[in-house]
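Numbering (the numbering used here), first residue to last: 1041 to 1128.
Written as structure tokens, this is what we have:
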């Protein structure tokens, strides 16, 4: 079964990877409505220029989420590590 890019977008749900407010930002950049941005991000409409921009935003958001997750993991490990105290 061959999966085209539109089907791929619908499968991964690009909108879940984008930060809150992305449609307004993209709509102002490309001078269109937020509804058009939502339609493109869900794979119902095609506009490669806008889609590329949305993918770049999603990539940056993903990197930020990974960094936050790593920092939280380090903090959690530091909290859960028992302190070694020597009593003299």
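For each residue, glycine too, the CB sits at the ideal point set by N, CA and C.
Asked: So, are the CB atoms of residue 1082 and residue 1055 less than 9 Å apart?; Found: yes
Asked: Mark residue 1118 as exposed unless 16 or more other C-beta atoms lie within 10 angstroms of its C-beta, in which case mark it buried.; Found: exposed
Asked: Would you mind giving the Cβ-Cβ distance between residue 1090 and residue 1080, rounded to the nearest angstrom? I have them listed as a contact below 8 Å.; Found: 5 Å
Asked: Rounded to whole angstroms, what's the CA-CA distance from residue 1048 to residue 1121? Just pull it up for me.; Found: 42 Å
Asked: Going by DSSP in three states, residue 1086 sits in which element: helix, strand or coil?; Found: coil
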